[in-house]
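With the numbering used here applied, the sequence shown covers 303 to 1422.
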Amino acid sequence: MPKFKGSLRTGVAVFALAIGAICAAPPALAQHGITLPAASLEDSLNVLSRQSGAQILVDQDLVRGKKARAIKGASSVEAALIQLLHGTDLTYQRRGDAFLIVRGGHAQPARRTVAAPRPKAAVRGQGPALAADDGQASGEAGGGNDIVVTAQKMSERLIDVPAAVSAFTAQDLSDQKIEGGPELLRAIPNVSFSKDNFSGYNFTVRGIGTKAISVTADPAVAISFNYTPLIRNRLFEQEYFDVERVEVLRGPQGTLYGRNATAGVVNMLPAKPKLGIWGGEIQGEVGNYASTRLRGFVNIPLGDTLSFRAAGAWTKRDGYDYNTVTQKNVNGRNLYSTRLSALWEPDPALRFSFFWEHFNENDDRARTGKQLCTRGETPQKIDYTDRNGVAQSQPVVGAWSIGALTPGCQQKTLYSDAAYGVPNGRGFPIVTALTLALAGNRGPYGSYYTPMGLDPFGTANGQQSHDLREIGTFYDPRYRARNDLFQFNAEIDLTDRLHLTGQVLYTKDYYSASQDFFRFQAVPYFIAPEQYATGVKAAWKPYLGSRNGLGTFKDPQLGELTTPAAIDRSEARSEQWAQEIRLNSSFDGPLNFNLGANYLSYETTENYYVFSNLFTIAALSEGPYCDAKGVGCAYIDPNPIDKINGEGHNYFRSIQQLKTKSWATFGEIYWKPADNFKVTGGLRYTDDQKLIIPYATQLLSDTRGLNSGTVDRGYPADPAETMRWRRVTGRLALNWKPHLAFTDETALYASYARGYKGGGDNPRGQADKPCGPNGLPVAPALVCGTYTRLPTNFQPEELNTFEIGMKNKIAGGKILLNFSAFFNDYKNYQISQLINRAINTENLNAITYGAELEAAWIPSRHFKVGATLGYLRTRIGNGQSSIDVMDRVQGHDDWMTVNPWAQSPNTCIAPKALVAAYLKKVNPKDINSTSDSGINFFCEAPHVFGSAGNPFAPGGIGQALYGFTYSPTAPYDPNKPANYYGPNPSNYGAPNNGYGFAADLSGHELPNAPHLTFNIGAEYTVFLDDWRLSLRGDYYRQSASFARVYNTDYDRLRAWGNANLAITLSRPASNLTYQFYVKNVFNSTPITDAFTGPNEVGTFSNVFTLDPRIIGFSVRVGIK
């Protein structure tokens, strides 16, 4: 089990580093020899900041129209400021390494900032200090209102931005132990985060996130690197390092940030190279779970105009979870990131920068958490009302009917003891199909390779460990991720008031994660070859073996095992080009603008595999229908799992291929009819085009046997499909700064914005085998059939949002109080589920509304406290509906769910009376009976025995043999009586082509949208000569929410909280910091989200939770 472990070697290294740092001498006062020509005060301050590397914070309104004298040979930044401000009504306040320009006698407390004296186009963000986190902390709630942000792609104080923005400097992130994107939720109101079941994640803002898991779906929150959006990114895995600032914008940002920003933007700004300053920083850390972490940077100037910066981070940690089968700790970390950057300023009006960032992870991180299931029960009988209105009861005893009618899991809460069960494998169609596996002769079960009706997962009375951090799997997780990012930026001052910015970005990403598909151990299931009295069939001999008296199956991908097993693998490769150009003004008059255009090209191919020895056994069972060369049967890939050729039909493979091209033009106008009133208006035209290459899945597909398909091997592509959307979006914002007696500064804003996100394509599902003109198979095929498809595409999202807000500085800046309220009207919100062996994305209309509060109080230099509070309500529109795979009958007690034939993708519902009538007619005697093998025909199935299509349909044999007519795809009106009997049946179909009755979603809440989110953090600092000792605590809590739109007890996610503590000892003069911290103090394991599996494997629930309690000690040393 996990224990507190340490790395002796790393500990010695960190200790030695600390001793060396203590002995280091404090740096001398910098002498800059500053020379400035006579110019406007605004320009002089800008040049002073650039020359000296000093952080200078100034409100443009304070310096507009003021002139500054020439300066020659000033000995320091402070000396230069004294000369520049002489004769004005301005002075400065120094806070750490920062300088705040204020009116004389009315200084405000300095805030952490990356300042620019005028609203230039945002790319460079030239910070003042060498390390992004030097100086004093910025306050709480993502930084003070004086922090200069670039949320509107130009430098502005946060209080001047008419939008809800949370900004975090590197110091803020360190103080609150926010080490990566997933932890931002702890500091921002109305934000939630969770990993999804495959290669993505869901970052939700104000109830809107990415619940669409199709590869062709775009994210709802734009994740950006230095203002450039990244469609595929490593927000979930990568840890923050050498960061200048992280800005989170809430609400649609479609004007400036474009596509994929309907919910908001997360923009990470890396620390840039600094001119004329040499130095760096290194930090080492050790902790429990044998945790070792290193991070640091170095800044190297080459002359006065060129500088390089190198930064990196590395984390290695043992696993959080324990695998009782392999007896190993899993879900560990082994990842690193590097970043190289360069800045060249050949002229004060020309600035060029370049970034290369590399990320790599190779470890046993678990893609999902534990698998929960309230075990389904095999029905003993069917209680029904016959055609004459008489109550009847029909026993369920045959292997085929048991398999067709047994649910794998029940729709019950995830928080009961019963939820730690395992699925009832009797209800898996693939288990039922093993009745066709005739491996030998005169074995324990005759010719059968497996016993009929045995549940392969019925271990330990159907229960597993109740510890969410404990699994029991034969296969440990494997996780691989690589990402390379290249960005080039150019900033040109065409004049003192016109600024041209260009950005080009290229990124290449690879991801592969595999784990045991079932997160628990199965029972020994196979028959040893020596148990067949007259031997094993020739085709089976290479696959059968024995070990310790148990039979084994030698699967080419999974190896030799005594138990049924499965591994799934999610894999993706992608490339992206993005280019943007902007022209930005900073005129002294009332009008300014920000105009631009961008282009994006994105290509990705994602594969999802499920490998199982049960699939290979089923493929082997088709042997009698092959010719001598194996033609006609499902192809079995003979290669091991890491070297597959990708053409096998003995595994499930879903291929999704996408090419996206998008271009847009945009612009915003800023009009200030008065000094305290500003109007912002913006428009954006977007042209999105997606080329989708669909592929049908081919599990067990063949051309001659009992399964549908047009090929025995490989995955032929369907015709490509092109989808295109053109949209105009924009926003209008009013910002008023009244002079109030009870505040130092107040900003009121109101805004309207329209957002848009493109649509996409649903995967095609299982391959068909078309029938001939007479409805019968075309020789040499034995069967034929096509499947009813779900919609092949989904619509774009569109959003109208209204927001009001208020930002305040009070009591000389000691109190910061920001408030916002919003209303979103959402059309075609995209939500996916796994149904009928494919990801189906639907569109729903909804509204969300709520309010947010961000506050900070700094009563003294010793104490500060900050808090955020988010209130959120969501409501799905009237008349919206969806099929719930956990409950397809929706209270219609005269219907029941039927599992399909193993290769058929479509689980269905059927009238109880008809299913019972069929079983009564075929009359299976016991578990070994096969007379009920036709029960799967109640669903769409590929079989054709003597008649076209479904034998229960008109023209089939059902009316003659069983006395009824039924077809799940026939027209059906639930408001009319059904007539299944007699020579003239009517209304004999099923709702929604047999998929089930749609659940009414009217008034339901959106998933992952808790009503309340709350965070409070407090820090107390003791000043000991030149040392500082700080104690900090943070607590976050979110209320209950739902994992799915159906809002049942099964979907409910309970409220949860998270507490963190840190003790920091620092000596600013020596750039030395020690920190001891505890994250997740109470070691809580809440279920933060859940993913529901498909019917074919029991509708299990893969759940997600937090990292456990993490204890660490770090030493950070700055080098100047």
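The beta carbon of each residue, even a glycine, is placed where N, CA and C say it ideally should be.
With C-beta atoms as the reference, is G678 less than 9 Å away from G755?
-> Within the sequence shown, residue 678 is the residue found at index 376, counting from 1. Within the sequence shown, residue 755 is the residue found at index 453, counting from 1. Between G678 and G755, the gap from beta carbon to beta carbon reaches 9 Å or more.
What number of angstroms, rounded off, separates the C-alpha of I296 from the C-alpha of L922?
-> Since the displayed the chain opens at 303 and closes at 1422, residue 296 lies outside it and no answer follows.
Unbroken alpha helix (DSSP H) run spanning S351, endpoints = The residue you call residue 351 lines up with position 49 of the sequence shown. Residues L343 to S354.
Roughly how many whole angstroms lie between the Cα atoms of R366 and S501?
-> The residue given as residue 366 occupies position 64 in the sequence shown. The residue given as residue 501 occupies position 199 in the sequence shown. A straight-line Cα-Cα distance of about 50 Å links R366 and S501.
For the alpha helix (DSSP H) that S476 lies in, which residues bound it at each end?
-> Locating residue 476 in the sequence shown gives position 174, where the first residue counts as 1. Run containing S476: A472 to D477, per the alpha helix (DSSP H) assignment.
With distances taken between CB atoms, is the gap from G1168 to A1153 smaller than 9 Å?
-> In the sequence shown, counting from the first residue as 1, residue 1168 sits at position 866. In the sequence shown, counting from the first residue as 1, residue 1153 sits at position 851. No, the pair does not count as a contact, with Cβ atoms beyond the cut-off.
Separation of A644 from Y1071, as counted between CA atoms | In the sequence shown, counting from the first residue as 1, residue 1071 sits at position 769. In the sequence shown, counting from the first residue as 1, residue 644 sits at position 342. The sequence as given places Lys at residue 1071; Tyr does not occur at that position. If you take the alpha carbons of K1071 and A644, they lie about 58 Å apart.
Assign T999 to buried or exposed, taking buried as 16 or more other Cβ atoms, counted over all protein chains shown, within 10 Å of its Cβ.
-> The sequence position of residue 999 within the sequence shown is 697, counting from 1. By the 10 Å Cβ count, T999 comes out buried.
Does DSSP put L716 in a helix, in a strand, or in coil?
-> Within the sequence shown, residue 716 is the residue found at index 414, counting from 1. Of the three classes helix, strand and coil, the one that applies to L716 here is coil, per DSSP.
Limits of the unbroken beta strand (DSSP E) element including F1165 | Numbered from 1 along the sequence shown, position 863 holds the residue referred to as residue 1165. Looking at the DSSP string, the run of the beta strand (DSSP E) that includes F1165 is F1165 to I1178.
Opening and closing residue of the alpha helix (DSSP H) in which N915 lies = Here residue 915 is taken as the residue at index 613 of the sequence shown, counted from 1. Per DSSP, N915 belongs to the alpha helix (DSSP H) from N915 to L922.
Alpha helix (DSSP H) segments (min. 4 residues) lying fully within the stretch 654–718 = You should have 701–707.
Pairwise C-alpha distance: N1145 and S1403 | Residue numbering aside, residue 1403 sits at position 1101 when the sequence shown is read from its first letter. Residue numbering aside, residue 1145 sits at position 843 when the sequence shown is read from its first letter. When rounded, the distance between both Cα atoms is 23 Å.
Under the assumption that V1030 contacts L1101 (Cβ atoms under 8 Å), give the Cβ distance between them as a whole number of angstroms.
-> The residue given as residue 1030 occupies position 728 in the sequence shown. The residue given as residue 1101 occupies position 799 in the sequence shown. So it is not a contact: roughly 14 Å between Cβ atoms.
Any idea what DSSP makes of V545, helix, strand or coil?
-> Taking the sequence shown and counting its residues from 1, the one referred to as residue 545 is at position 243. It is a strand residue.
Span separating the alpha-carbon of S468 from that of Y503 = Locating residue 468 in the sequence shown gives position 166, where the first residue counts as 1. Locating residue 503 in the sequence shown gives position 201, where the first residue counts as 1. Distance between the alpha carbons of S468 and Y503: 21 Å.
Sort out for me which residues DSSP pairs L1367 with in a bridge.
-> The residue given as residue 1367 occupies position 1065 in the sequence shown. For L1367, which the question treats as bridged, DSSP gives the partners L1331 and Y1376.
Among residues of its own chain, excluding the 5 on either side of P1256, which ones have a beta-carbon nearer than 6 Å to its beta-carbon?
-> By 1-based counting over the sequence shown, the position of residue 1256 is 954. Result list for P1256: T1267, in chain order.
Quick one: any contact between the stretch 782–790 and the stretch 659–668, if contact means 3 or more CB pairs under 8 Å?
-> Touching, yes, given that three or more Cβ pairs across the two stretches are closer than 8 Å.
DSSP state of I1421 mapped onto helix, strand, coil | Residue 1421 sits at position 1119 when you count from the first residue of the sequence shown. For I1421, the secondary structure class from DSSP, reduced to helix, strand or coil, is strand.
Under a Cβ-count criterion, where at least 16 other Cβ atoms within 10 Å of its own Cβ denotes burial, should V1224 be classed as buried or exposed?
-> Along the sequence shown, read from residue 1 onward, the residue named residue 1224 stands at position 922. Taking all protein chains shown into account, V1224 has 16 or more neighbouring C-beta atoms within 10 Å of its C-beta and is therefore buried.
Spell out a yes or no on whether the stretch 1326–1345 and the stretch 1188–1198 are touching, meaning 3 or more CB-CB pairs, one atom from each, closer than 8 Å.
-> No: the two stretches stay apart, fewer than three of their Cβ pairs being nearer than 8 Å.
Neighbour-count burial assignment, P942, 16 or more Cβ in a 10 Å radius = The count along the sequence shown starts at 1 and reaches residue 942 at position 640. P942 is classed as exposed because its beta carbon has fewer than 16 other beta carbons within 10 Å across all chains shown.
What residue does the beta strand (DSSP E) around K1438 start on, and which one ends it?
-> In the structure as shown, the chain begins at 303 and stops at 1422. Residue 1438 is therefore absent and cannot be evaluated.
Counted within 10 angstroms of its Cβ, other Cβ atoms place S956 as buried (16 or more) or exposed | For this step, residue 956 is matched to residue 654 along the sequence shown. So S956 ends up on the buried side.
CA-CA distance, L1050 and V1399?
-> One-based indexing of the sequence shown puts residue 1050 at position 748. One-based indexing of the sequence shown puts residue 1399 at position 1097. Straight through space, the alpha carbons of V1399 and L1050 are spaced by roughly 54 Å.
Local conformation of I732 per DSSP, three classes | Translated into positions along the sequence shown, residue 732 becomes position 430. Secondary structure of I732 (DSSP, three-state): helix.
First and last residue of the alpha helix (DSSP H) that includes I384?
-> One-based indexing of the sequence shown puts residue 384 at position 82. Start and end: V379 to L387.
Under the three-state reduction of DSSP, which class applies to E873: helix, strand or coil?
-> Counting from one through the sequence shown, the residue named residue 873 turns up at place 571. In this structure, E873 counts as strand in the three-state DSSP scheme.
Assign N1142 to one of three DSSP states: helix, strand, or coil.
-> As a first step, residue 1142 must be located in the sequence shown, where it is residue number 840. Collapsing the DSSP output to three states places N1142 in a strand.
The beta strand (DSSP E) with K1129 in it runs from where to where?
-> Taking the first residue of the sequence shown as 1, we reach residue 1129 at position 827. If you look at K1129, you'll find it in the beta strand (DSSP E) that goes I1117 to I1137.
Could you round the C-beta distance between Y910 and Q881 to whole angstroms and report it? I think they count as a contact, below 8 Å.
-> Counting from one through the sequence shown, the residue named residue 910 turns up at place 608. Counting from one through the sequence shown, the residue named residue 881 turns up at place 579. About 31 Å separates the two Cβ atoms, so there is no contact after all.
Ordered along the chain, which non-local residues of its own chain (more than five positions away) have a Cβ less than 6 Å from that of A524?
-> Taking the sequence shown and counting its residues from 1, the one referred to as residue 524 is at position 222. P531, Y559, N562, A563 and V567, listed in sequence order.
Taking the C-alpha atoms as reference points, what is the distance between D929 and N499?
-> Translated into positions along the sequence shown, residue 929 becomes position 627. Translated into positions along the sequence shown, residue 499 becomes position 197. Taking the straight line joining both Cα atoms gives about 40 Å.
Residue span of the alpha helix (DSSP H) that contains G560, given as start and end = The residue labelled residue 560 in the question sits at position 258 within the sequence shown. Neither: G560 is in no alpha helix (DSSP H) and is coded neither H nor E.
Backbone secondary structure at W1358 - three-state DSSP | Locating residue 1358 in the sequence shown gives position 1056, counting from the first residue. Of the three classes helix, strand and coil, the one that applies to W1358 here is strand, per DSSP.
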